[in-house]
Amino acid sequence: MHISTSVLVASILPFVKAQTPPGFRPKTHINLPASYGRIHLEPGQHLSLNATLIAPATKLPTENSVVIMLDLDTPCAYQNRSFAPFLHWISTPSNLTAIPYAAPAPPSGSPDHRYVLLRYDILDAASEPFRMPQGFTDVGTSLMSKSNFDLDGFARAAGLRRLEAANWFTVSAEVEP
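Using mature numbering (1 follows the signal peptide of the UniProt record, and there is no 0), the letters of the sequence shown correspond one by one to residues -18 to -1, 1 to 159.
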């Protein structure tokens, strides 16, 4: 008996773990390898506040990639997401950090927050370093400028391709040992 590749892929796909949180769009099944120190991130893994103080290490396959980190639950998770998504980081290999890393900091008493790491490739990557696109140059200048981050608008303005890979994790407001 011969099974076609498409039938095999279709039968396996439901068992492949999503690399983005449930309900998040865009979504992907391609994992973005990332680690916080010695912790190799698995999709949906819970991390302590202390583990996330320094930016994660990510593996970028090309010099033309951008990693974006968002908090999907700002300020108080399911109780109030009025500032979500909140931009925590934009990193590129060429200039390392377009938006400096801001460690997760859910407010005290807030339920766990979901954080997503997204890797996009730049469509027309020139030899010059990545720059924030028009309409987004003020992002990162204040906390409010990072609130309600327009991911789709940013991706279009920056000339990013479709979502290439992702990973996500949760962090609670309480300091853990």
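Each residue gets a CB set at the ideal place from its N, CA and C atoms; glycine is no exception.
Open item on the list: Looking only at its chain, what residues have a beta carbon closer than 8 Å to the beta carbon of W150, apart from the 5 residues adjacent to it on each side?
Closed with: As a position in the sequence shown, residue 150 is number 168, starting the count at 1. Closer than 8 Å at the Cβ level, and outside the excluded window around W150, lie Q1, T2, P3, F6, P25, G26, R96, Y97, V98 and L99.
Task: Length of the line joining the Cα atoms of L145 and I50 - done: As a working mapping, residue 145 is identified with position 163 in the sequence shown. As a working mapping, residue 50 is identified with position 68 in the sequence shown. Near 11 Å, if we compare the C-alpha coordinates of I50 and L145.
Task: For M51, the residue or residues it bridges with in DSSP - done: Residue numbering aside, residue 51 sits at position 69 when the sequence shown is read from its first letter. DSSP lists W71 and L99 as partners of M51.
Task: Closest residue to A147 among T56, A87, S47 and W71 (Cα-Cα distance) - done: Locating residue 147 in the sequence shown gives position 165, counting from the first residue. Comparing Cα-Cα distances from A147 to each of T56, A87, S47 and W71, the minimum goes to S47.
TODO: For V153, I'd like the list of residues in its chain whose CB is within less than 7 Å of its CB, leaving aside the five on either flank, ordered along the chain.
DONE: Position 171 of the sequence shown, counting from 1, holds the residue named residue 153. So the qualifying residues of the chain are L29, L31, T34, P86, P88, D94, H95 and Y97.
Open item on the list: If you measure between the beta carbons of K41 and P15, is that distance less than 8 Å?
Closed with: Translated into the one-based positions of the sequence shown, residue 41 becomes position 59. Translated into the one-based positions of the sequence shown, residue 15 becomes position 33. A contact, by the Cβ cut-off of 8 Å.
Task: Length of the line joining the Cα atoms of G91 and A139 - done: Working through the sequence shown from its first residue, we reach residue 91 at position 109. Working through the sequence shown from its first residue, we reach residue 139 at position 157. Distance between the alpha carbons of G91 and A139: 37 Å.
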